[in-house]
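Comments concern the structure below.
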Amino acid sequence: MKRIEKARQMVKDKDLSMTQIAYDLGYSSSSHFAKTFHDSFGISPSCYRQNKAV
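Read left to right, the sequence shown gives residues 1 to 54 (full-length UniProt numbering).
If you want it as structure tokens, here you go:
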């Protein structure tokens with residue numbers, strides 16, 4: 001599984017912070033993770049999490 005696909009799965013887990021996800025997946029910072037996620041999916045990780053919670 002590609003790292004960004006793993007990130008998408010992890011973002012759905014509300015028990016994990018975005019910072020924890022970023023570092024667990026090897027991103028240098030949470031902002032780099034958020035930018036990469038947004039570039040890949042067209043939505044921020046936090047918005048993605050909120051949309052999946054509905």
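Note that the Cβ used here is the ideal one computed from N, Cα and C, for glycine as well.
Among the options, which one has its Cα closest to the Cα of residue i?
i	options	result
residue 18	51, 46, 50 and 42	46
Could you pull the start and end residues of the alpha helix (DSSP H) that residue i belongs to?
i	result
residue 55	Missing from the structure shown is residue 55; the chain here goes from 1 to 54 and no further.
residue 23	18-24
residue 35	30-41
Quick one: using the 10 Å Cβ neighbour count with 16 as the cut-off for buried, is residue i buried or exposed?
i	result
residue 43	exposed
For residue i, which residues from the same chain have a beta carbon less than 6 Å from its beta carbon, with the 5 sequence-adjacent residues on both sides left out?
i	result
residue 48	11
Verify the CB distance criterion: does residue i have a CB-CB separation below 7 Å to chain C?
i	result
residue 11	The structure shown contains no chain C, having only a single protein chain.
Keeping to the same chain, check which residues put their C-beta closer than 8 Å to that of residue i; ignore five residues upstream and five downstream.
i	result
residue 3	25 and 26
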